[in-house]
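*Asks:*
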Ligand SMILES: Cc1ncc(C[n+]2csc(CCOP(=O)(O)OP(=O)(O)O)c2C)c(N)n1
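Numbering (the numbering used here), first residue to last: 43 to 355.
(1) Using 10 angstroms around the beta-carbon of residue 326, count the other beta-carbons present and answer buried if the total reaches 16, otherwise exposed.
(2) Does DSSP classify residue 81 as helix, strand or coil?
(3) Using DSSP bridges, identify the partner residues of residue 273.
(4) Any chance the CB of residue 157 is under 6 Å from a heavy atom of ligand 1?
(5) I'd like to confirm the pairing. Which residues does DSSP put opposite residue 168 in its beta bridges?
(6) In the DSSP output, what is residue 129 paired with across the bridge?
(7) Could you compute how far the alpha carbon of residue 152 sits from the alpha carbon of residue 144?
(8) Under the three-state reduction of DSSP, which class applies to residue 337: helix, strand or coil?
(9) Should residue 323 be labelled buried (16 or more other beta-carbon atoms within 10 Å of its own) or exposed?
(10) Since I believe residue 208 is in contact with residue 164 (beta carbons under 8 Å), could you give me their beta-carbon distance rounded to a whole number of angstroms?
(11) Please tell me whether, using a cut-off of 6 Å, the distance from the CB of residue 215 to the nearest non-hydrogen atom of ligand 1 is below it.
(12) Considering only heavy atoms of ligand 1, does any lie closer than 6 Å to the CB of residue 145?
(13) So residue 198 is in the alpha helix (DSSP H); what residue range does that whole segment cover?
(14) Mind reading off the beta-carbon distance from residue 82 to residue 63? Whole number of angstroms is fine, and I expect it under 8 Å.
(15) Could you check what DSSP says for residue 177 in three-state terms: helix, strand or coil?
(16) Would you identify the three-state DSSP class for residue 258, choosing helix, strand or coil?
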């Protein structure tokens with residue numbers, strides 16, 4: 043199933059997202075970006091594993107933490123960085139910022155900063171695909187906090203009723219802003235929330251890009267058979283603060299011990315090790331990929347800084 047070509051693409055996406063967000067974190071202190079940034083460092087494998095199952099015609103909706111989903115779906119890097127700088131060349135003309143990335147050419151149809159807000163949008167897209175008899179799927183990415191919004195349950199009910207081609211993907215990083223999951227829920231079982239509607243759920247290691255890919259592939263196969271939506275929960279961890287480039291282990295939100303434990307499970311490092319151990323990629327190839335990506339990112343920042351500022355209406 044996993045061959046050289048697959049590994050090269052997945053590794054390229056993982057490293058692109060990681061290095062782009064590291065560059066954003068490092069540049070952010072210069073106070074030139076015109077928006078808050080919710081970084082997903084540590085969570086990349088979910089965006090990549092899901093997107094490796096999708097084509098341009100498949101539709102994705104995301105949330106406030108949308109850099110990874112945009113890039114994994116093939117969104118234009120230069121337009122994303124320009125967007126963060128509020129430039130007219132940005133992917134939404136510099137008027138949306140980091141939380142509202144979209145690139146309709148690759149099926150990244152939008153991101154909502156209203157927690158849970160993009161879940162019904164994906165269901166609406168799924169309804170459209172079904173009514174137009176298109177063979178594609180709609181995916182919604184959302185956090186564990188969003189799974190506590192009523193709209194999540196309403197959306198699953200409707201999607202199940204109409205057997206819509208929707209994959210609900212919960213990125214469970216165990217924290218909503220500064221509230222740990224254990225302080226908000228009696229049980230850690232988000233993947234089971236669709237059961238009452240007949241939606242099968244699966245919980246996977248969200249730091250394992252192959253596990254996420256396999257769960258998504260199964261969900262897409264179910265859709266192709268006309269069996270309707272699925273729910274996937276990927277358990278993961280965001281390495282930085284809810285918003286901004288800092289680490290929040292000193293604020294009491296997460297402990298240093300927890301942070302260290304998850305650092306060991308870094309999804310990029312984990313996949314790189316797999317590729318090298320299984321001879322899917324050589325060390326020379328991984329280095330070459332990294333260098334190429336670094337150059338593209340440098341160029342994207344250079345362009346973004348010199349582009350014209352967005353025209354406000
Ligand atoms: C309806 C709504 N309520 C509250 C907020 C404020 N808010 C922004 S992000 C966030 C936490 C979301 O947590 P989660 O869904 O787990 O996503 P994560 O930030 O962990 O990726 C909250 C409460 C909001 N934007 N929208």
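Even glycine gets a Cβ: it sits at the ideal position worked out from N, Cα and C.
*Replies:* Per the coordinate set shown:
(1) With fewer than 16 other Cβ atoms from the protein chains shown falling within 10 Å of its own Cβ, residue 326 counts as exposed.
(2) DSSP places residue 81 in coil when its eight states are reduced to three.
(3) Residue pairing by DSSP places residue 273 opposite 210 and 243 in a beta bridge.
(4) Yes; taking the cut-off as 6 Å, the Cβ of residue 157 has a heavy atom of ligand 1 nearer than that.
(5) Per the DSSP secondary-structure output, residue 168 pairs with nothing in a beta bridge.
(6) For residue 129, the beta-bridge partners assigned by DSSP are 351.
(7) Spanning the two alpha carbons is a distance of roughly 5 Å.
(8) Residue 337: helix per DSSP, three-state reduction.
(9) Residue 323 counts as buried, since at least 16 other C-beta atoms from the protein chains shown sit within 10 angstroms of its C-beta.
(10) The pair is a contact, with the Cβ atoms about 6 Å apart (cut-off 8 Å).
(11) Checking every heavy atom of ligand 1 against the Cβ of residue 215, one is found closer than 6 Å.
(12) The answer is no for residue 145.
(13) 192-203 is the extent of the alpha helix (DSSP H) around residue 198.
(14) Going by Cβ atoms, the distance from residue 82 to residue 63 rounds to 7 Å, so yes, they are a contact pair.
(15) Looking at residue 177 - three-state DSSP - the assignment turns out to be coil, as it is neither helix nor strand.
(16) Looking at residue 258 - three-state DSSP - the assignment turns out to be helix.
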